[in-house]
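If you're matching positions, the sequence shown starts at 0 in numbering that gives the first Met the number 0 and goes up one per residue. Every residue, glycine too, gets a C-beta built ideally from N, C-alpha and C.
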Amino acid sequence: MNNEPIVPWHYSFRIILIGDSSVGKSTLLKVFTKSNFTDEGEPTVGVDYFATIVDLTNGLRVRLQAWDTAGQEKFRSITKSYYRNSVGALLLFDVTRRSSFDHLIDWLFDVRRHIEPSKAVYQIVGCKIDLENEREISTEEGQAFADFHSIKYIETSAKTRQNVDQAFKMISEQIYAKLRRGEFTLNPEWDGIKAGSLHLSSIVNRSTNGSFSSISDSNGYRILNNDNRRLRGAANRSSRSNRSKCC
């Protein structure tokens with residue numbers, strides 16, 4: 000569990016990383032959130048999470064909460080319980096291990112069966128492309144699998160940082176696009192997407208004449224009357240509340 004920066008954000012997206020053990024899930028996350036790489040990584044036991052800020056191309060700031068899951072079969076029942084509160088999933092495989100690629104279809108079936116909502120964003124990530132001479136899965140084969148399932152595909156190297164940031168930004172952009180199209184909705188009972196203080200502040204700023212009578216923030220607070228000061232108070236409460244939560 001990492002110490003995330005305390006900065007304001009528009010939305011929080013919760014995603015989950017899944018795939019066989021030792022494909023590079025934990026290493027990719029640590030490089031993304033802490034910029035450190037090590038060849039010696041202990042397999043994840045159960046679940047762990049990391050959170051950091053991702054700036055989208057449209058200027059939105061997203062708090063991306065990424066849950067790292069164990070790939071071993073004995074932890075499968077534990078990790079399944081984390082699927083339902085995720086808005087997206089990165090399915091990772093090791094380009095030097097064909098078995099990890101062959102198991103992607105099982106992981107995809109598993110996550111689609113348990114995750115909520117059903118229109119969650121999925122993305123395939125090929126890891127360890129710095130080991131080019133040991134490749135067992137070509138870029139073309141990985142892309143073909145993703146295309147067949149209508150999923151985005153990207154290849155990464157935690158060791159060289161190639162496409163590490165892009166992988167997480169890509170899924171964040173896809174989630175926001177679905178949110179903007181109305182395919183996702185904010186729900187205080189669901190942790191997949193939460194609105195932050197910047198989102199609530201933007202609502203306040205757009206209301207120049209107090210023309211609305213009520214609104215609910217991401218935590219279910221109901222703000223009544225045409226009083227922008229109360230809206231700002233709700234935004235501040237949301238900011239403090241989000242800083243105190245870890246999941």
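*Of all the options 174, 54, 87, which has the alpha carbon lying nearest to the alpha carbon of residue 197?*
Reading the sequence shown from its first residue, position 198 is the one you call residue 197. Out of 174, 54, 87, 54 has the C-alpha closest to the C-alpha of residue 197.
*Measure how close the beta-carbons of residue 93 and residue 118 come, nearest whole angstrom, since I'm counting them as under 8 Å.*
By 1-based counting over the sequence shown, the position of residue 93 is 94. By 1-based counting over the sequence shown, the position of residue 118 is 119. The pair is not a contact, with the Cβ atoms about 28 Å apart (cut-off 8 Å).
_Give me the residue from 145, 30, 83 with the minimum Cα distance to residue 188._
Stepping through the sequence shown from its first residue, residue 188 is reached at position 189. Residue 83 is the option with its Cα nearest to residue 188.
_Start-to-end residues for the beta strand (DSSP E) that takes in residue 123_ = Sequence index remark: in the sequence shown, residue 123 carries index 124 (1-based). It spans 120 to 126 - the beta strand (DSSP E) in which residue 123 sits, taken as one unbroken run.
*asked:* Taking its Cβ as the centre, do 16 or more other Cβ atoms sit within 10 Å of residue 165, making it buried, or is it exposed?
replied: As a position in the sequence shown, residue 165 is number 166, starting the count at 1. Burial call: exposed.
*Between the Cα of residue 161 and those of 62, 63, 124, 140, spot the shortest distance and give me the residue it belongs to.*
The residue given as residue 161 occupies position 162 in the sequence shown. The shortest Cα separation from residue 161 among 62, 63, 124, 140 belongs to 124.
*Given that a residue counts as buried once 16 or more other Cβ atoms are within 10 Å of its Cβ, and exposed if not, what is residue 27?*
The residue labelled residue 27 in the question sits at position 28 within the sequence shown. Buried, since its Cβ has 16 or more Cβ neighbours within 10 Å.
_Counting C-beta neighbours from all protein chains within 10 Å, is the total for residue 143 16 or more, i.e. buried, or is it exposed?_
As a position in the sequence shown, residue 143 is number 144, starting the count at 1. Exposed is the call here.
*Report the three-state DSSP secondary structure of residue 15 (helix, strand or coil).*
Along the sequence shown, read from residue 1 onward, the residue named residue 15 stands at position 16. Of the three classes helix, strand and coil, the one that applies to residue 15 here is strand, per DSSP.
_Given this structure, state the Cα-to-Cα distance separating residue 64 from residue 154, to the nearest angstrom._
Taking the first residue of the sequence shown as 1, we reach residue 64 at position 65. Taking the first residue of the sequence shown as 1, we reach residue 154 at position 155. C-alpha separation (whole angstroms): 21 Å.
_Neighbourhood of residue 6 by C-beta distance below 8 Å, restricted to the same chain and skipping five residues each side_ = Working through the sequence shown from its first residue, we reach residue 6 at position 7. Closer than 8 Å at Cβ, skipping near neighbours: 52, 60.
*Could you tell me the boundaries of the beta strand (DSSP E) in which residue 67 lies?*
Position 68 of the sequence shown holds residue 67. Looking at the DSSP string, the run of the beta strand (DSSP E) that includes residue 67 is 60 to 68.
_Going by the DSSP bridge assignment, what does residue 141 pair with across the sheet?_
Within the sequence shown, residue 141 is the residue found at index 142, counting from 1. Looking at the DSSP assignment, residue 141 forms no beta bridge with any residue, so it has no partner.
*Which partner residues of residue 167 appear in the DSSP bridge assignment?*
Walking along the sequence shown from the start, residue 167 turns up at place 168. Beta-bridge pairing links residue 167 to no other residue.
*Helix, strand or coil: which one does DSSP assign to residue 147?*
Translated into positions along the sequence shown, residue 147 becomes position 148. Three-state DSSP puts residue 147 in a helix.
_In the DSSP assignment, the alpha helix (DSSP H) including residue 104 goes from what residue to what residue?_
Here residue 104 refers to the residue found at position 105 of the sequence shown. That run of the alpha helix (DSSP H) goes 103 to 113.
*When the Cα of residue 48 is compared with those of 30, 15, 113, 105, which residue comes out closest?*
Looking up residue 48 in the sequence shown gives position 49. With distances taken between Cα atoms, residue 48 lies closest to 15.
*asked:* Per the DSSP calculation, residue 161 is bridged to which residue(s)?
replied: Taking the first residue of the sequence shown as 1, we reach residue 161 at position 162. Beta-bridge pairing links residue 161 to 156.
*Mind reading off the beta-carbon distance from residue 192 to residue 185? Whole number of angstroms is fine, and I expect it under 8 Å.*
Counting from one through the sequence shown, the residue named residue 192 turns up at place 193. Counting from one through the sequence shown, the residue named residue 185 turns up at place 186. Residue 192 to residue 185, Cβ: 6 Å. Contact.
*Check each candidate in 140, 9, 102 and name the one with the smallest Cα separation from residue 57.*
On the sequence shown, position 58 is the one that residue 57 refers to. Comparing Cα positions, the closest option is 9.
*Please check the pair residue 91 and residue 151, which I expect to be a contact at CB under 8 Å, by giving their CB distance rounded to whole angstroms.*
Residue 91 sits at position 92 when you count from the first residue of the sequence shown. Residue 151 sits at position 152 when you count from the first residue of the sequence shown. At roughly 13 Å, the Cβ-Cβ gap does not stay under 8 Å, so residue 91 and residue 151 are not in contact.
*Which residues in the same chain have their Cβ closer than 6 Å to the Cβ of residue 190, if we skip the five residues on either side of it in sequence?*
Position 191 of the sequence shown, counted from the start, is the residue given in the question as residue 190. Around residue 190: 13, 84.
*From the DSSP output, in three-state form, read off residue 188 for me.*
Counting from one through the sequence shown, the residue named residue 188 turns up at place 189. It is coil, neither helix nor strand.
*Measuring CB to CB, does residue 17 end up less than 7 Å from residue 95?*
Taking the first residue of the sequence shown as 1, we reach residue 17 at position 18. Taking the first residue of the sequence shown as 1, we reach residue 95 at position 96. The answer is no: Cβ separation not under 7 Å.
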